[in-house]
Amino acid sequence: MPKSNYWKKIKENHLKAPFFSLAPMEAVTDTVFRRVVKQASAPDNFYTEFTNATSITHEKAKFSVRHRLYVDENEKQPIVQLWGNGDDPESFASAADAIKDMGFLAIDLNMGCPDPTVIKNHGGSDYIRHYENAAKVITATKKAGLPVSVKTRLGFSSIDDYHEWIPFLLKQDIEVLTVHLRSKKEMSKAGAHFEVIADILKMRDEISPDTLIQINGDIKTKEQGLQLAKKYPGIDGIMIGRGIFENPFAFDDAKQHSQEELFALFRMQLDLYDDYVLNIGPKRFESLRRFFKIYIRGLPNAATYRDRLVRTTSTDEARQIIDEIENKSELEND
Ligand SMILES: Cc1cc2nc3c(=O)[nH]c(=O)nc-3n(C[C@H](O)[C@H](O)[C@H](O)COP(=O)(O)O)c2cc1C
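Each residue of the sequence shown is one higher than the one before, counting from 133 in this note's numbering.
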């Protein structure tokens with residue numbers, strides 16, 4: 133099999149402007165939502181929800197992994213994000229082999245998750261306290277030959293950790309380093325530390341000029357990302373996470389989108405969900421409900437509709453509410 137040149141291609145196509153990515157988000161960036169975002173306005177890169185490295189080759193976890201790593205033929209191939217125990221690099225080597233056999237083109241390693249259970253299992257941001265684990269896991273994952281990137285935070289307890297942590301990662305010869313501009317301790321509460329970007333870019337230029345730097349945290353729209361990249365021209369990529377909940381068109385250049393367009397996306401998500409459940413397998417309806425508020429914005433009585441939508445128990449019930457809103461606004465416009 134020829135070596136995947138996933139990031140090389142992305143870089144070649146973005147010499148003048150940054151590339152954009154939808155952030156990996158647990159229970160959000162599944163195949164259904166990735167296709168909705170692609171329809172609204174596709175970023176250059178999609179990521180899967182984080183997936184445990186051990187589970188990928190574990191017989192008993194096959195069912196869950198099949199769902200997590202399900203990719204539809206109509207979507208852009210996502211990058212697989214792995215998390216796992218830093219004491220067990222071999223699990224990453226085996227997972228990377230399996231991922232390659234499944235036809236994926238790139239792997240991202242989660243070294244920033246603040247979840248206490250993940251940290252207790254020596255995953256996520258625990259790597260920021262155990263550099264040696266990070267080095268071993270990166271080396272092990274690379275063995276399969278797929279390009280490997282890392283997504284991390286500035287530090288564990290303090291953002292100042294980045295003075296040592298970022299140079300260390302840059303010495304590991306990784307394709308892309310995505311930096312969420314907060315410490316683990318800050319969770320998502322503090323504002324992103326844009327002030328360290330220039331420093332990070334300088335470190336990259338000095339230590340590993342070929343590593344792409346992707347910036348993440350509090351960037352809500354493509355426009356905001358472009359402005360940031362203009363201010364700091366060395367930025368290669370911009371990753372948007374929660375901005376997508378405020379605006380599913382976050383990756384679009386156009387600022388305004390109509391309520392009709394939003395409802396069309398909403399209906400698409402409901403249809404894709406039904407299709408998934410029918411053809412691939414069960415999926416918790418609650419995981420779908422969290423998205424509904426995205427589509428009900430700036431409408432008269434939006435709060436009431438949102439309230440009703442979060443209490444629905446089926447896609448048909450949700451469709452009825454959309455019909456009701458649409459019929460009402462047609463009457464009002466008569
Ligand atoms: C619901 C949710 C789930 C997340 N799951 C993951 C994940 O699986 N892997 C990961 O690296 N980061 C995860 N994150 C963090 C985001 O990828 C991103 O780093 C963070 O939200 C900051 O970016 P933002 O300010 O643009 O949202 C998650 C964030 C949210 C809100």
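Cβ coordinates follow ideal geometry from the N, Cα and C atoms, glycine included.
Rounded C-alpha distance that separates residue i from residue j
i: K268; j: R167; result: 34 Å
i: L147; j: E318; result: 33 Å
i: K143; j: K415; result: 36 Å
i: Y138; j: G277; result: 12 Å
i: A185; j: G366; result: 32 Å
i: Q346; j: G369; result: 4 Å
i: L302; j: K274; result: 15 Å
i: L394; j: G373; result: 19 Å
i: V442; j: L420; result: 10 Å
i: L241; j: N433; result: 43 Å
i: D406; j: S446; result: 10 Å
i: M133; j: A174; result: Any reading at M133 must be qualified, since the residue scores a pLDDT of 48, below 50, and its modelled position is unreliable; the value itself is stated next. Cα to Cα, the separation comes out at about 28 Å.
i: K316; j: T180; result: 21 Å
i: L286; j: Y427; result: 33 Å
i: A272; j: Q209; result: 23 Å
i: D280; j: A225; result: As written in the sequence, residue 280 is Val, which differs from the Asp given in the question. Each residue's Cα considered, the two are about 12 Å apart.
i: I457; j: H389; result: 17 Å
i: D439; j: D247; result: 29 Å
i: G357; j: F326; result: 12 Å
i: I239; j: D455; result: 41 Å
i: N253; j: H312; result: 21 Å
i: P231; j: T353; result: In the sequence as presented, Pro is not what sits at residue 231; that position holds Ile. The straight-line gap from Cα to Cα measures roughly 31 Å.
i: L214; j: T161; result: 14 Å
i: V308; j: I298; result: 12 Å
i: E338; j: A227; result: 32 Å
i: Q401; j: H295; result: 43 Å
i: S196; j: K363; result: 42 Å
Residue i Cβ short of 7 Å to ligand 1 heavy atom set
i: Q213; result: yes
i: H190; result: no
i: H295; result: no
i: P365; result: no
i: G216; result: no
i: S315; result: no
i: R421; result: no
i: P156; result: yes
i: R374; result: yes
i: K354; result: no
i: D350; result: yes
i: H312; result: yes
i: F182; result: yes
i: K362; result: no
i: S320; result: yes
i: V160; result: yes
Assigned secondary structure, residue i (DSSP; H/G/I helix, E/B strand, else coil)
i: T183; result: strand
i: S136; result: coil
i: F178; result: coil
i: S461; result: helix
i: I426; result: helix
i: V442; result: coil
i: R416; result: coil
i: T161; result: coil
i: T189; result: coil
i: V311; result: strand
i: L154; result: strand
i: S340; result: coil
i: L201; result: coil
i: K334; result: helix
i: R451; result: helix
i: K316; result: coil
i: Q171; result: helix
i: E327; result: helix
i: H194; result: It should be noted that the sequence gives Lys, not His, for residue 194. In this structure, K194 counts as helix in the three-state DSSP scheme.
Residue-chain proximity (residue i, chain D), Cβ-Cβ < 8 Å
i: K148; result: No chain D is part of this structure, which consists of one protein chain only.
Please list the segments of the alpha helix (DSSP H) lying wholly inside the segment 342 to 378, counting only runs of 4 or more residues, in order along the chain. 354 to 363, 375 to 378
Ordered list of alpha helix (DSSP H) runs contained in the segment 211 to 286, each at least 4 residues: 221 to 233, 248 to 252, 263 to 274
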